[in-house]
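See structure below.
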Amino acid sequence: MTKPAATISAVLAAQDALILASMTSPVERELVMAWVDRQRAGNAEARFEVLTLPERDAPAAALTALAEQLESESNEEVGGDRSIVPVRVFWLPPANRGRLAKLAGLIPGRDPYHPNPRQQRQIVHNDPQRARVVAGEPAKISELRQQWRDTTVGEDKRDFAQFVTRRAILAMERAEYRRLGPQYKSPRLVKPEILASTRFRAGLDKIPGATVEEAAKMLDELATGWSRVSVDLVGVLGRAISRGFDPEIDYDEYQVAGMRSALEAHPAVLLFSHRSYIDGAVVPVAMQENRLPPVHVFAGINLSFGVMGPLLRRSGVIFIRRNIGGDPLYKYVLREFVGYIVEKRFNLSWSIEGTRSRTGKMLPPKLGLLAYVADAYLDARSEDILLQPVSISFDQLHETAEYAAYARGGEKTPEGIGWLYNFIRAQGERNYGKIYVRFPEAVSMRQYLGPPHGPLVHDQDAKRLALQKMSFEVAWRILQSTPVTATGLVCALLLTTRGAALTLDQLHHTLQDSLDYLERKNIPVSTSALRLRTRDGVRAAVDALSNGHPITRVDGGREPVWLIGPDKEHAAAFYRNSVIHAFLETSIVELALAHARRAEGDRMEAFWSQAMRLRDLLKFDFYFADSATFRENIAEEMAWHDDWEDHVAAGGDEIDAMLFSKRPLMADAMLRVCFEAYELVADVLRDAPADVGQKELTESALGVGRQYVAQTRIRSSESVSTLLFATAYQVVVDQDLVAPAADLAERRDAFRRELRAILRDSDHVGRIARHQFVAREAEARRGRVDIRTR
Numbered sequence: 137m138t139k140p141a142a143t144i145s146a147v148l149a150a151q152d153a154l155i156l157a158s159m160t161s162p163v164e165r166e167l168v169m170a171w172v173d174r175q176r177a178g179n180a181e182a183r184f185e186v187l188t189l190p191e192r193d194a195p196a197a198a199l200t201a202l203a204e205q206l207e208s209e210s211n212e213e214v215g216g217d218r219s220i221v222p223v224r225v226f227w228l229p230p231a232n233r234g235r236l237a238k239l240a241g242l243i244p245g246r247d248p249y250h251p252n253p254r255q256q257r258q259i260v261h262n263d264p265q266r267a268r269v270v271a272g273e274p275a276k277i278s279e280l281r282q283q284w285r286d287t288t289v290g291e292d293k294r295d296f297a298q299f300v301t302r303r304a305i306l307a308m309e310r311a312e313y314r315r316l317g318p319q320y321k322s323p324r325l326v327k328p329e330i331l332a333s334t335r336f337r338a339g340l341d342k343i344p345g346a347t348v349e350e351a352a353k354m355l356d357e358l359a360t361g362w363s364r365v366s367v368d369l370v371g372v373l374g375r376a377i378s379r380g381f382d383p384e385i386d387y388d389e390y391q392v393a394g395m396r397s398a399l400e401a402h403p404a405v406l407l408f409s410h411r412s413y414i415d416g417a418v419v420p421v422a423m424q425e426n427r428l429p430p431v432h433v434f435a436g437i438n439l440s441f442g443v444m445g446p447l448l449r450r451s452g453v454i455f456i457r458r459n460i461g462g463d464p465l466y467k468y469v470l471r472e473f474v475g476y477i478v479e480k481r482f483n484l485s486w487s488i489e490g491t492r493s494r495t496g497k498m499l500p501p502k503l504g505l506l507a508y509v510a511d512a513y514l515d516a517r518s519e520d521i522l523l524q525p526v527s528i529s530f531d532q533l534h535e536t537a538e539y540a541a542y543a544r545g546g547e548k549t550p551e552g553i554g555w556l557y558n559f560i561r562a563q564g565e566r567n568y569g570k571i572y573v574r575f576p577e578a579v580s581m582r583q584y585l586g587p588p589h590g591p592l593v594h595d596q597d598a599k600r601l602a603l604q605k606m607s608f609e610v611a612w613r614i615l616q617s618t619p620v621t622a623t624g625l626v627c628a629l630l631l632t633t634r635g636a637a638l639t640l641d642q643l644h645h646t647l648q649d650s651l652d653y654l655e656r657k658n659i660p661v662s663t664s665a666l667r668l669r670t671r672d673g674v675r676a677a678v679d680a681l682s683n684g685h686p687i688t689r690v691d692g693g694r695e696p697v698w699l700i701g702p703d704k705e706h707a708a709a710f711y712r713n714s715v716i717h718a719f720l721e722t723s724i725v726e727l728a729l730a731h732a733r734r735a736e737g738d739r740m741e742a743f744w745s746q747a748m749r750l751r752d753l754l755k756f757d758f759y760f761a762d763s764a765t766f767r768e769n770i771a772e773e774m775a776w777h778d779d780w781e782d783h784v785a786a787g788g789d790e791i792d793a794m795l796f797s798k799r800p801l802m803a804d805a806m807l808r809v810c811f812e813a814y815e816l817v818a819d820v821l822r823d824a825p826a827d828v829g830q831k832e833l834t835e836s837a838l839g840v841g842r843q844y845v846a847q848t849r850i851r852s853s854e855s856v857s858t859l860l861f862a863t864a865y866q867v868v869v870d871q872d873l874v875a876p877a878a879d880l881a882e883r884r885d886a887f888r889r890e891l892r893a894i895l896r897d898s899d900h901v902g903r904i905a906r907h908q909f910v911a912r913e914a915e916a917r918r919g920r921v922d923i924r925t926r
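FYI, in this note's numbering the residues of the sequence shown are 137 to 926.
Listed below in structure tokens is the structure:
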């Protein structure tokens with residue numbers, strides 16, 4: 137219970153001990169008593185007795201007997217301060233079980249970790265190695281009594297007996313998962329431990345009208361755990377949910393090794409990127425496959441439907457209510473629950489974005505649950521807590537069709553049995569490629585919050601600022617480790633053609649500039665992206681996306697061609713958006729150069745001012761480095777051109793020459809759609825009243841956007857998106873264009889003009905990119921002619 141497991145034999149051999157044994161059947165009693173006889177044989181003079189450990193539903197008399205025994209053992213005249221050694225029989229499953237055998241463990245009476253008495257007899261007779269007597273870490277009765285007095289509200293000897301029982305069960309659990317591996321570690325007895333806590337009761341007394349009974353019901357709702365069977369099934373269930381993907385998840389083995397070392401020292405919160413419902417299944421599978429400690433994943437209680445609720449709870453899922461702002465008791469119980477899990481060194485996990493990204497870009501981090509973890513750390517419930525970034529990305533997702541419908545104004549489909557059936561069925565319709573999981577270096581909570589009991593405990597504003605910086609650092613590390621995929625690159629290219637189809641050769645040679653840039657910048661890429669270096673790799677990528685997923689292949693001519701139709705632009709944009717982070721700063725460079733080209737006066741000043749202005753406008757759509765680092769990165773981006781400052785200062789044709797020589801040109805492909813959506817909202821805003829709400833403004837923008845698409849006044853329907861309009865509303869609020877003011881109309885009009893100027897700059901960069909494409913095509917044709925005439 138407190139001593140290392142290696143000292144158990146020494147305790148039994150060197151002094152008297154009370155063996156607290158869990159024996160629920162005659163077979164288990166025989167095995168335990170045989171084990172005790174072997175211990176006695178090693179030291180005939182030692183006095184140790186065997187007492188049955190009361191089960192959770194044992195009669196009161198059993199608990200009373202233990203209480204009286206503990207009372208007598210505390211009497212120095214009787215036996216002194218003896219050690220308690222918890223013992224029970226641990227049943228191992230058969231070796232090399234298959235998937236069907238693991239699934240069968242869910243059937244009542246077939247759990248291999250809890251065989252019935254008849255099965256126990258058979259195991260002892262046929263395969264005795266599967267029956268192991270396990271001893272937990274011993275503890276002195278005096279030490280346990282002191283812990284009981286310090287941490288619980290118990291008052292009589294029966295309360296102390298319950299405390300000892302809980303500690304014995306936890307000690308045996310620790311001994312068992314050491315044998316099985318860290319992935320089998322599971323929190324036990326959370327509810328009774330928390331309810332008995334002095335700390336918990338003191339906080340509960342401060343909440344008006346709160347009762348222990350209500351708190352207990354909330355803890356039941358939060359209850360989770362990893363049964364041995366559910367751990368075995370994690371891989372099976374995870375594969376069922378993610379069927380359609382390559383069964384081998386793509387990991388970085390060096391990152392896995394680094395995380396394993398970090399988790400040995402501190403508890404962690406795994407914060408993952410969230411683009412699919414599959415993410416929540418991928419994290420536990422990734423931990424199990426790499427023999428890492430399990431994680432307990434937070435999920436919305438809307439996913440606790442039908443049989444899924446109990447099943448997911450046994451698989452480590454913690455269901456929480458969505459709207460808890462008006463319920464102080466629930467907030468308190470959840471805060472203490474999180475604190476207990478962290479204190480006991482279990483790992484938690486949730487989406488840092490709070491919900492799925494339906495655009496492909498990472499959303500801003502949510503701080504709610506993170507604040508509870510910070511409270512636990514500042515209360516010194518752990519000397520440090522690691523925030524482990526987790527990047528989860530996919531070659532393809534079937535959910536992009538749902539996201540496209542949502543972007544066009546559709547409603548979210550409610551979860552339920554029918555929804556789950558349709559989701560799993562859709563997963564089996566085709567091959568979706570690979571899943572990529574990355575574990576970049578963890579962020580230390582101590583580094584950002586200072587030592588426990590530090591000044592942030594009493595300074596809520598400073599704590600919130602530190603949490604924001606810490607969460608942004610986690611998100612930044614996720615982005616920097618997310619590999620660029622072939623899907624994202626191909627969709628980005630085809631979205632720039634405005635519906636025109638490209639041949640395989642055109643796709644291949646155009647993609648090389650992007651691949652060269654990624655290699656030069658040392659940006660991580662997937663294996664599928666690396667294959668784009670070859671024509672066969674490009675062919676494989678576009679064929680995987682064909683049949684409207686979201687690319688259309690046109691056959692019957694001299695050679696096949698590929699395009700993205702108007703009805704697939706939103707789905708393709710999801711994939712394109714997943715790679716924008718890799719080209720964000722270089723795209724801003726291009727727009728800033730185009731702006732400086734037409735500027736009057738100091739063009740270098742105009743370049744830098746516009747770069748910082750674009751960063752400010754895009755801050756709700758993308759993550760950026762801090763201002764100083766951003767300027768350094770922009771200067772580094774410009775280093776591709778010798779004497780770039782002189783050429784920028786000259787302006788005009790010299791800047792055009794710079795842009796033409798730049799490879800690749802990405803601004804029109806990556807950022808135009810954002811500014812087009814902003815401009816649409818700014819256009820609608822001219823006629824909108826002050827204090828217009830987001831919903832009203834979005835509905836107007838959708839209507840006007842559809843009109844403009846029909847009139848070809850905007851390039852594509854991709855910009856007409858509720859998802860982009862939500863960000864655009866944040867932008868106009870940030871620019872103070874919603875609150876009433878005397879000059880509101882003038883400022884709204886000036887903002888629209890500014891956005892139109894940015895779009896003209898994007899058009900200019902796009903024209904130069906097309907000139908590059910034509911020049912490359914001519915070059916390629918000359919090369920083909922030369923080859924034929926040799």
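Where is the CB? At the ideal position from N, CA and C, for every residue including glycine. Here the structure is a predicted model, which means the values were calculated and not measured.
8 Å Cβ cutoff met for residue i and residue j
| i | j | result |
| --- | --- | --- |
| residue 287 | residue 219 | no |
| residue 620 | residue 661 | yes |
| residue 541 | residue 857 | no |
| residue 163 | residue 256 | yes |
| residue 598 | residue 501 | no |
| residue 221 | residue 271 | yes |
Close Cβ partners of residue i (< 6 Å) along its chain, the five nearest in sequence each way excluded
| i | result |
| --- | --- |
| residue 117 | The chain is shown only over 137 to 926; residue 117 falls outside these bounds and no answer can be derived. |
| residue 943 | Since the first residue shown for the chain is 137 and the last is 926, residue 943 is missing from the structure and cannot be characterised. |
| residue 783 | 790, 794 |
| residue 268 | 226 |
| residue 564 | 379, 380 |
| residue 473 | 358 |
| residue 170 | none |
Same chain, Cβ closer than 7 Å to residue i, neighbours up to 5 away in sequence not counted
| i | result |
| --- | --- |
| residue 441 | 551, 552, 553 |
| residue 676 | 667 |
| residue 916 | 641, 645 |
| residue 593 | 514 |
| residue 625 | 647, 650, 665, 668, 715 |
Spatial neighbours of residue i in its chain, beta-carbon cut-off 8 Å, leaving aside the 5 residues before and after
| i | result |
| --- | --- |
| residue 690 | 637, 696, 697, 698, 699 |
| residue 926 | Interpretation of residue 926 is limited by its pLDDT of 38, a score under 50 that renders its predicted location unreliable; no figure is taken from the coordinates. |
N-terminal and C-terminal residue of the beta strand (DSSP E) that residue i is part of
| i | result |
| --- | --- |
| residue 227 | 219 to 227 |
| residue 155 | 153 to 158 |
| residue 250 | It is not in any beta strand (DSSP E) - residue 250 carries neither H nor E in the DSSP assignment. |
| residue 524 | 522 to 530 |
Limits of the alpha helix (DSSP H) - the one that residue i falls within
| i | result |
| --- | --- |
| residue 713 | 705 to 713 |
| residue 769 | 763 to 774 |
| residue 671 | 671 to 680 |
| residue 407 | Premise fails: residue 407 lies in the beta strand (DSSP E), 404 to 408, not in any alpha helix (DSSP H). |
| residue 262 | 253 to 262 |
| residue 464 | 464 to 479 |
Would you check if the region 404 to 411 and the region 522 to 529 touch, i.e. whether three or more CB-CB distances between them fall below 8 Å? A contact exists between the region 522 to 529 and the region 404 to 411.
Curious, which full-length alpha helix (DSSP H) runs of at least 4 residues does the region 561 to 606 contain? 581 to 585
At 4 residues or longer, what runs of the alpha helix (DSSP H) sit wholly inside the region 267 to 355? 277 to 287, 293 to 316, 326 to 331, 334 to 340
Below 8 Å, can you find three or more Cβ-Cβ pairs linking the region 885 to 895 to the region 706 to 724? no
Can you confirm whether the region 494 to 511 touches the region 602 to 615 when touching is taken to mean that 3 or more C-beta pairs between the two stretches lie within less than 8 Å? yes
Determine, using beta-carbon pairs with one atom in the region 460 to 472 and one in the region 560 to 575, whether at least three such pairs fall under 8 Å. no
Say whether the region 810 to 830 touches the region 767 to 787, bearing in mind that this needs 3 or more beta-carbon pairs closer than 8 Å, one atom from each stretch. Short answer: they don't touch.
Touch test, the region 531 to 545 against the region 411 to 418, Cβ-Cβ under 8 Å, three pairs minimum: yes
Considering only residues of the region 839 to 923, which uninterrupted alpha helix (DSSP H) runs meet the minimum length of 4 residues and lie entirely inside it, listed in chain order? 858 to 870
Continuous alpha helix (DSSP H) assignments of at least 4 residues falling wholly in the region 683 to 747: 705 to 713, 716 to 733
Could you tell me whether the region 380 to 396 touches the region 348 to 359, using the rule of 3 or more Cβ pairs below 8 Å? no
Runs of 4 residues minimum, wholly inside the region 611 to 656: which ones carry the alpha helix (DSSP H) assignment? 622 to 631, 640 to 656
Touching by the beta-carbon criterion (3+ pairs, under 8 Å), the region 752 to 762 and the region 860 to 874: In short, these stretches touch, since the Cβ pair count reaches three.
Are three or more beta carbon pairs between the region 329 to 343 and the region 269 to 289 nearer than 8 Å? yes
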